[in-house]
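Report on the structure given below.
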Amino acid sequence: MNYSPPELRTVEVTRYVKPLREGGSLPGLVEAEDDFLYVLKFRGAGQGAKALIAELLAGELARALGLRVPEIVFVTLDEAFGRTEPDEEIQDLLRASEGLNLALHYLSGSITFDALVTTVEPRLASQIVWLDCLITNVDRTPRNTNMLMWHKELWLIDHGAAFYFHHAWPDVTEQARRPFAQVKDHVLLPQASELVAVDAEYRAILTPEVIRNIVTLIPDEWLTGDSPFPTAEEHRQMYVQFLETRLAASEIFVNAAQDARKALI
1 MNYSPPELRT VEVTRYVKPL REGGSLPGLV EAEDDFLYVL KFRGAGQGAK ALIAELLAGE
61 LARALGLRVP EIVFVTLDEA FGRTEPDEEI QDLLRASEGL NLALHYLSGS ITFDALVTTV
121 EPRLASQIVW LDCLITNVDR TPRNTNMLMW HKELWLIDHG AAFYFHHAWP DVTEQARRPF
181 AQVKDHVLLP QASELVAVDA EYRAILTPEV IRNIVTLIPD EWLTGDSPFP TAEEHRQMYV
241 QFLETRLAAS EIFVNAAQDA RKALI
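Under the UniProt record's numbering, the first residue of the sequence shown carries the number 1, and numbering increases by one thereafter.
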């Protein structure tokens, strides 16, 4: 697979279309200066910048692995943007999110993935389960699949709950070597029969260079302020350390996922 380092565009919001009252991040549908619609994830909502970091890292890791993720862009919100918003809750959210935020291209006409309607073939199911074990994504359950069907293809969205350990920053090496217990609730686990083959393939793709190129995308302003690390670069390095350590010990989460699957079937 050919890999090019990601280059994210930065767009400016021109119109707030409507709130999408889903989950804790209170995303909004917005129109940008390029006339495209985006699902905007606000820095001032829910878990703040950490949710945006998780969305960015998870989305670009998925893209590097060949999985379908809507284009991710940086979004600037001007100080004056929220002044005309009549909803006080939304106005507060916009004020708290001035500066750099994150958005995903809006997949117009897409429908929520339903495992009872659409069958995912084993290889793709294994790829998605493997990714979610790597990034510790707790949000891919039957109740909340965070996947869309668009033009008869499966797309991954909403990764703000991934890397959940970064809300407390425990020992990174220890955390990276833990199995992903929540995989037992993964909506695609029953179909994920090719985890070992996918593990070998994906470990070869996610080289240290690929990981560092993706982590480098995290803006400094999301890594400073409420941070346990002295500098933004040291903060980035902890994400690199987690991912490299977790990849080196991937058999731990692969074996745990296989055991959880056996218990299901």
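Glycine included, every Cβ here is placed at the ideal spot set by N, Cα and C.
Q: For the beta strand (DSSP E) holding T14, just list the boundary residues, first then last.
A: By 1-based counting over the sequence shown, the position of residue 14 is 14. Run containing T14: T10 to P19, per the beta strand (DSSP E) assignment.
Q | Residue from A204, I90, L100 and E12 whose Cα sits closest to the Cα of L247 | A | Within the sequence shown, numbered from 1, the residue matching residue 247 stands at position 247. For the residues A204, I90, L100 and E12, the minimum Cα distance to L247 belongs to A204.
Q.
I'd like the list of long-range same chain contacts for R68, defined as Cβ closer than 7 Å, with 5 residues on each side in sequence excluded.
A. Your numbering for residue 68 matches position 68 in the sequence shown. Scanning its chain for C-beta atoms nearer than 7 Å, with the 5 sequence neighbours on each side dropped, one finds around R68 the residues E153, L154, W155 and L156, in chain order.
Q: Could you round the C-beta distance between E244 and P208 to whole angstroms and report it? I think they count as a contact, below 8 Å.
A: Within the sequence shown, residue 244 is the residue found at index 244, counting from 1. Within the sequence shown, residue 208 is the residue found at index 208, counting from 1. At roughly 6 Å, the Cβ-Cβ gap stays under 8 Å, so E244 and P208 are in contact.
Q: Return yes when the Cβ of W169 is within less than 7 Å of the Cβ of I53, no when it is not.
A: Taking the sequence shown and counting its residues from 1, one reaches residue 53 at position 53. Taking the sequence shown and counting its residues from 1, one reaches residue 169 at position 169. For I53 and W169, no; Cβs fall outside 7 Å.
Q) Can you name the residues that DSSP bridges to K41? A) As a position in the sequence shown, residue 41 is number 41, starting the count at 1. K41 is bridged to L102.
Q. What does a CB cutoff of less than 7 Å around V11 pick up in its chain, not counting 5 residues either side in sequence?
A. Residue numbering aside, residue 11 sits at position 11 when the sequence shown is read from its first letter. For V11, the CB contacts under 7 Å within the same chain, skipping 5 residues up- and downstream, are A32, E33, D34, V73 and V75 in chain order.
Q. In the structure shown, what three-state DSSP assignment does W130 receive?
A. Locating residue 130 in the sequence shown gives position 130, where the first residue counts as 1. Looking at W130 - three-state DSSP - the assignment turns out to be helix.
Q. With burial defined as no fewer than 16 other Cβ atoms inside 10 Å of the residue's Cβ, what is the status of A181: buried or exposed?
A. Taking the sequence shown and counting its residues from 1, the one referred to as residue 181 is at position 181. If you draw a 10 Å sphere on the C-beta of A181, you find fewer than 16 other C-beta atoms in it, and that means exposed.
Q. Closest to A64 by CA distance: which of I111, Q175 and Q127 is it?
A. Numbered from its first residue, the sequence shown carries residue 64 at position 64. That would be Q127, whose Cα lies nearest to the Cα of A64.
Q: Have a look at P59 and H159 and give me their C-alpha separation to the nearest angstrom.
A: Stepping through the sequence shown from its first residue, residue 59 is reached at position 59. Stepping through the sequence shown from its first residue, residue 159 is reached at position 159. According to the sequence provided, residue 59 is Gly. The question's Pro does not apply to it. So the two alpha carbons sit approximately 7 Å from each other.
Q: Taking only the alpha-carbon atoms, compute the straight-line gap between H151 and D132 and give it to the nearest angstrom.
A: Taking the sequence shown and counting its residues from 1, the one referred to as residue 151 is at position 151. Taking the sequence shown and counting its residues from 1, the one referred to as residue 132 is at position 132. About 23 Å.
Q.
When you compare the CB positions of residue 267 and V129, do they come within less than 7 Å of one another, or not?
A. Since the first residue shown for the chain is 1 and the last is 265, residue 267 is missing from the structure and cannot be characterised.
Q: Put G74 into one of helix, strand or coil per three-state DSSP.
A: Numbered from its first residue, the sequence shown carries residue 74 at position 74. Residue identity differs from the one stated: residue 74 is Phe in this sequence, not Gly. It is a strand residue.
Q) For L29, which of L107, Q47 and T112 has the nearest alpha-carbon? A) On the sequence shown, residue 29 is found 29 positions in, with the first residue counted as 1. Nearest C-alpha to L29: L107.
Q) What are the residues that DSSP puts in a beta bridge with R112? A) In the sequence shown, counting from the first residue as 1, residue 112 sits at position 112. Per the sequence shown, residue 112 should be read as Thr rather than Arg. Partner residues in the beta bridge of T112, as assigned by DSSP, are L148.
Q: Could you check which residue in L40, S4 and P6 has the C-alpha nearest to that of R15?
A: Your numbering for residue 15 matches position 15 in the sequence shown. Taking only the C-alpha atoms, the option nearest R15 is L40.
Q. Using a C-beta cutoff of 7 Å, does T10 count as contacting chain B?
A. As a matter of chain content, chain B is missing from the structure shown, which is built from one protein chain.
Q: Please state if the CB of L104 and the CB of P70 are separated by a distance shorter than 7 Å.
A: Along the sequence shown, one-based indexing puts residue 70 at 70. Along the sequence shown, one-based indexing puts residue 104 at 104. Using a Cβ distance threshold of 7 Å, P70 and L104 count as a contacting pair.
**Q.** L100 beta carbon less than 7 Å from that of P27
**A.** On the sequence shown, residue 27 is found 27 positions in, with the first residue counted as 1. On the sequence shown, residue 100 is found 100 positions in, with the first residue counted as 1. The beta carbons of P27 and L100 sit no closer together than 7 Å.
Q) What three-state label does DSSP hand G48 in the structure shown? A) For the purposes of this step, residue 48 is identified with residue 48 of the sequence shown, where counting begins at 1. For G48, the secondary structure class from DSSP, reduced to helix, strand or coil, is coil.
Q) Tell me the DSSP bridge mates of E31? A) Indexing the sequence shown from 1 puts residue 31 at position 31. Paired residue(s): R15 and L37.
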